[in-house]
Amino acid sequence: MQVHQQVSEHSDAIDLMVNMGPQHPSTHGVFRLVIWVDGERIVKVEPHIGYLHRGSEKICESEQYNQIVTLFDRLDYVGNLNSELAFCLAVEKLTETAVPERAEYIRVILCELNRIASHMLFYGVYGLDAGATTPMLYGFRERERVQELFESVTGARMMHNYIRIGGVKEDVPDDFHKNVLALLDHLKGGVDECDSLLSQNEMFLARTKGVGIINGEDALDYGVTGPALRASGVIEDVRVTDPYSIYDRFDFGIPVGSNGDCWDRYYVRVEEMRESIKIVEQAISNIPKGEISAKVRRIIRPPAGEVFVRTESPRGDLGVFLVSDGSDKPYRVKVRPPSFANLQALEHMLEDTYIADAVLVLGSIDIIMGEVDR
Amino acid sequence: MNLPEIIGLFLKASLLLVFILIVVLILTLAERKALARIQQRKGPNRVGFKGILQPFADALKLLTKEDILPASANKRVFWVAPLAVFLPGFLIWVTIPLAKEVVLANLDMGLFYITAISVLSVMGLLMAGWGSANKWAMIGGLRAAGQLISYEIPFIMAILSIGILAQSFNLKEIVDDQARWPFAFKQPLGLFIFLTAGLAELGRTPFDIHHAESEVVGGPFVEYSGAHWSVFYLAEYMNTFTIAVLTALLFLGGWQSPALPFSGTIHTVASLSWFLIKTVLVIWVIFWIRGTYPRLRIDQLMSFGWKILVPASFINIFITASVLYYALPDWVITVVSLGVIGAIFYFIRRGSLSGHNQNTVKIIKTSDIRAQLSNRTEV
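The listed protein sequences derive, respectively, from chains A and B. Our numbering runs 54 ahead of the 1-based position in the first sequence. Our numbering runs 16 ahead of the 1-based position in the second sequence.
Below is the structure:
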């Protein structure tokens with residue numbers, strides 16, 4: 055690659071090329087963004103991915119269905135349970151397995167809590183991107199509470215392998231109900247506190263308002279989904295518009311922005327945490343007793359065929375395309391990761407911005423490289 | 017100058033260096049503890065009782081680390097840069113009095129000397145940025161140069177108005193002049209400008225743009241490690257202390273205290289502690305700001321500096337001089353200053369008043385969306 059390249063049309067100066075990443079503190083993993091700058095201004099950007107490619111989709115083809123759940127844990131390593139759910143839903147749809155009510159409720163509760171944990175991580179890291187250290191600690195404090203609950207339920211803090219094909223691994227502990235209620239109480243205060251610390255800060259507003267704008271039409275064209283799309287004013291949430299699991303039973307709100315700038319993308323997530331709390335509240339008060347898993351054979355052999363499911367992961371529309379040839383291993387597993395599609399819009403968002411904005415814009419689409427590279 | 021005098025000066029300077037080193041060690045721990053308190057955690061608490069030995073452990077770790085020289089770095093510039101940042105900051109201390117009797121050399125043009133010397137550290141940062149042969153370091157170095165030179169102007173202007181008020185550039189005389197009222201009361205605008213520009217000079221939050229970890233990966237310091245990096249670190253904390261001390265001297269009345277029933281050495285010690293208390297207060301404010309605010313963008317920083325701080329500092333000098341020239345009562349300065357501060361905050365919040373801080377995110381109920389969706393399928 056050329057070190058210096060004439061890319062700007064309006065000046066004779068040779069623009070400086072800088073590598074943001076793969077080793078850079080604020081690229082959220084091993085993402086590489088090549089930036090040509092004219093002083094502080096960005097002239098051109100060129101994203102490079104693939105530094106975390108582990109061939110997950112290919113590995114899936116040589117594993118049995120039950121074993122693949124653990125691989126999905128490692129795709130979106132911040133919203134693990136949501137990834138697990140996507141794969142399990144795909145297999146269940148293919149095998150036409152009916153999941154017991156109790157398992158559905160447990161799944162929804164844990165997935166929504168996972169969404170809160172993921173958004174809390176986003177909140178903290180976004181604060182750090184903007185140069186404030188305290189939000190990071192506040193966000194992690196709240197996330198830690200959720201992780202504690204996960205640990206008591208699934209036995210692991212991150213790679214849970216808890217949602218299984220046909221239900222969940224095991225029933226929740228006896229004090230689950232009490233713990234969730236206490237956690238919700240705590241989270242309500244926590245979200246409010248985080249909100250009041252950063253959202254209306256004058257400098258934060260100055261940094262994020264009107265930066266990295268993308269309108270709804272462009273966002274749809276790029277395939278942007280999730281909070282990043284809703285921030286641009288498009289009402290699209292798989293949980294409501296194409297419901298899966300038992301999401302059609304809950305009443306909650308979909309936060310929708312209007313400017314499509316960094317602040318909207320940030321605040322949509324903050325509001326989403328509040329809405330997730332509402333979902334968990336409704337789910338925990340209606341959770342029925344009963345089985346936690348359908349009768350599933352130890353080695354699953356779905357009938358030959360293909361299926362596509364989409365779910366709303368914390369980052370957006372997570373789709374799984376599964377092809378079975380009737381054996382105990384899938385013929386093909388294709389994941390449609392939201393981060394990957396959202397990342398495409400980065401170049402568009404970074405038009406006419408400064409180096410410092412690149413960090414905030416990248417942060418605002420909340421990518422997880424494990425999911426982008428797979 | 018004969019030999020004993022030279023030895024005496026040398027000893028005094030060494031003593032000063034030791035004092036600064038101790039202060040820096042305490043400050044690093046204090047900052048980490050203060051930030052921890054703001055962030056609801058404990059901070060360092062393993063080394064020594066409640067972590068009081070943490071700075072020594074840090075220093076030991078830094079000094080035993082390998083000093084890495086990047087292959088394409090300009091060797092001389094790279095190694096000299098830390099010293100070029102540290103030395104100007106240290107030289108300032110020659111003329112800073114900590115109490116009436118505790119000073120290395122009381123210069124008549126003390127304030128002038130301080131402003132002249134402190135600018136030099138920009139050069140060190142630029143050297144570090146250029147010598148590292150790293151693009152991020154270079155961008156950081158240029159940011160530092162732009163930022164420090166822009167904020168030098170309001171910084172010096174704020175000092176100048178103090179000089180006008182006290183009719184002296186001698187720090188001792190300035191403090192003596194504040195026996196009745198600290199200048200903070202007569203010069204609230206000056207204090208505001210001085211602290212803001214001072215923060216920018218230090219490169220601390222919200223002005224830590226040139227060594228922003230999340231943007232330029234530590235800026236000019238990105239290639240440094242071990243002892244040389246620790247010199248930058250030392251300089252940063254020393255300068256923080258310098259700004260706090262200068263604020264206490266120029267605006268908070270220095271060692272002037274309510275009548276103390278002591279005399280001689282005890283009086284010196286008592287007034288010194290009184291002075292340090294004021295300094296600690298200022299330092300705490302600096303830490304507090306660091307724990308609360310995000311960072312500005314470089315263009316926002318520049319426009320704040322040139323469009324708000326520089327005009328405000330000229331207004332400050334103008335009103336101070338006019339009040340003195342026409343022998344108006346001092347409270348006129350106070351009133352006008354407060355008015356200007358109000359105007360500054362109005363300008364900062366102006367964006368907010370025009371709906372800048374409006375919540376553009378609204379929540380749409382699922383029931384509405386579902387109703388819409390079912391309508392669509394029926395049609």
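In this text, a Cβ means the ideal position worked out from N, Cα and C, and glycines have one as well.
- Not a single unbroken stretch of the beta strand (DSSP E) spanning 3 or more residues falls wholly within the stretch 187-218 of chain A.
- Secondary structure at Glu-150(A): coil, using DSSP grouped into helix, strand and coil.
- In chain order, Ile-54, Gln-55, Gly-307, Thr-308 make up the part of chain B whose C-beta sits under 7 Å from the C-beta of Thr-188(A).
- Among the residues of chain A, those whose CB is under 7 Å from the CB of Ala-228(B) are Gly-185, following chain order.
- Listed along chain A, the residues sitting closer than 7 Å to Gln-316(B) by beta-carbon distance are Ala-260.
- In the structure shown, the three-state DSSP call for Gly-424(A) is helix.
- Annotation for Leu-176(B): Ile-333 place their beta carbon closer than 8 Å to its own, counting only its chain and skipping 5 residues before and after.
- Following the DSSP letters along the chain, one finds Leu-120(B) in no beta strand (DSSP E), marked with neither H nor E.
- Along the stretch 205-234 of chain B, going in chain order, the ones with a CB nearer than 8 Å to a CB of chain A are Thr-221, Pro-222, Asp-224, Ile-225, Ala-228, Glu-229, Ser-230, Glu-231, Val-232, Val-233.
- Bounds of any beta strand (DSSP E) do not take in Glu-224(A), whose DSSP letter is neither H nor E.
- Taking Ile-302(B) as reference, the option from Ala-213(B), Ile-360(B), Ser-246(B) with the minimal CA-CA separation is Ala-213(B).
- At a beta-carbon threshold of 8 Å, the residues of chain A lying near Arg-313(B) are Ala-260, Arg-261, Tyr-408, Ala-410, Asp-411, ordered along the chain.
- For Pro-20(B), the enclosing alpha helix (DSSP H) starts and ends at 19-54.
- Here DSSP, grouped into helix, strand and coil, assigns Lys-378(B) to strand.
- When DSSP states are grouped into helix, strand and coil, Val-191(B) belongs to the helix group.
- Ile-113(A) and Gly-424(A) have their C-alpha atoms roughly 15 Å apart.
- Remark: C-beta atoms of Ile-217(A) and Cys-142(A) approach each other more closely than 7 Å.
- The continuous alpha helix (DSSP H) containing Ile-338(A) extends over residues 316-340.
- In the displayed model, Arg-364(A) falls within a strand according to three-state DSSP.
- For the set Val-93(B), Asp-224(B), Ser-184(B), the Cα lying nearest the Cα of Asn-122(B) is the one of Ser-184(B).
- Counting the other Cβ atoms within 10 Å of the Cβ of Tyr-159(A) gives 16 or more, which makes it buried.
- Runs of the alpha helix (DSSP H) spanning 4 or more residues and lying entirely within the stretch 388-424 of chain A occur at 392-398, 400-403, 409-418, in chain order.
- Between the alpha carbons of Val-334(A) and Glu-401(A) lies a gap of roughly 36 Å.
- The continuous stretches of alpha helix (DSSP H) do not include Gly-264(A), and DSSP gives it neither H nor E.
- Taking C-beta atoms as the reference points, Phe-257(B) and Trp-271(B) fail to come closer than 7 Å.
- With fewer than 16 other Cβ atoms from the protein chains shown falling within 10 Å of its own Cβ, Gln-77(A) counts as exposed.
- With respect to chain B, the C-beta atom of Phe-141(A) has no partner C-beta closer than 7 Å.
- Between the alpha carbons of Glu-94(A) and Ala-153(B) lies a distance of about 13 Å.
- Nothing from the stretch 256-269 of chain B brings a Cβ to less than 9 Å from some Cβ of chain A.
- By the CB criterion at 7 Å, Val-226(A) and Val-207(A) fall inside the cutoff.
- Non-local C-beta neighbours of Phe-394(A) in its own chain, meaning closer than 6 Å and more than five positions away in sequence, comprise Val-426, ordered along the chain.
- Sequence-distant partners of Ala-52(B) (beyond 5 residues in either direction) whose C-beta falls short of 7 Å from its own C-beta, in its chain, are Lys-58, Gly-59.
- Counting only unbroken stretches of 4 or more residues, the alpha helix (DSSP H) elements lying wholly within the stretch 288-324 of chain B are 314-320, in sequence order.
- Comparing alpha-carbon positions, the option among Gln-254(A), Phe-362(A), Phe-176(A), Arg-161(A) lying closest to Asn-215(A) turns out to be Arg-161(A).
- Distance from Asp-130(A) to Ser-367(A) at the Cβ level is roughly 6 Å; contact confirmed, criterion being Cβ atoms closer than 8 Å.
- Interface criterion met: the Cβ of Phe-306(A) is under 7 Å from a Cβ in chain B.
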